[in-house]
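The sequence shown maps to residues 12 to 96 in my numbering. Structure first, commentary second.
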Amino acid sequence: MVEIFQDDELPVFPLPKMTVRLYHDAKVAEVSDCENASRVQARYDYPNAKMHQKDEKFQFNQFLSDWLTFCLKNGISRAPIMYRS
12 MVEIFQDDEL PVFPLPKMTV RLYHDAKVAE VSDCENASRV QARYDYPNAK MHQKDEKFQF
72 NQFLSDWLTF CLKNGISRAP IMYRS
């Protein structure tokens, strides 16, 4: 298990934080906890009391994939990114 997060002293937007289980033999990673959702289930009945999406675990894992791909392609920086309007 590894904890993955992005940290910034002055975040411009909410930064992701999740616990990821790594399966080295299968070369797979899956999100087990994410922000306020602990022990993410594979599927949820819908509707449900906490309003989880049916495929919430898939969405977390897809986000992890997209985020890591972005970091590999673009790198990361401690310096703030300046945008011009």
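The beta-carbon is built from N, C-alpha and C at its ideal position, and this holds for glycine as well.
Please state if the CB of LYS68 and the CB of MET57 are separated by a distance shorter than 8 Å.
Sequence check: residue 57 is Tyr here, not Met. LYS68 sits away from TYR57, with the two beta carbons spaced by 8 Å or more.
What first and last residue would you give for the alpha helix (DSSP H) that runs through LEU83?
Membership of LEU83 in the alpha helix (DSSP H) is indicated by the continuous run 67-85.
Residue range of the beta strand (DSSP E) that VAL51 falls in?
Premise fails: VAL51 is in no beta strand (DSSP E) and is neither H nor E.
N-terminal and C-terminal residue of the beta strand (DSSP E) that GLU41 is part of
For GLU41, the enclosing beta strand (DSSP E) has its first and last residue at 39-45.
DSSP state of LEU26, grouped into three classes?
In this structure, LEU26 counts as coil in the three-state DSSP scheme.
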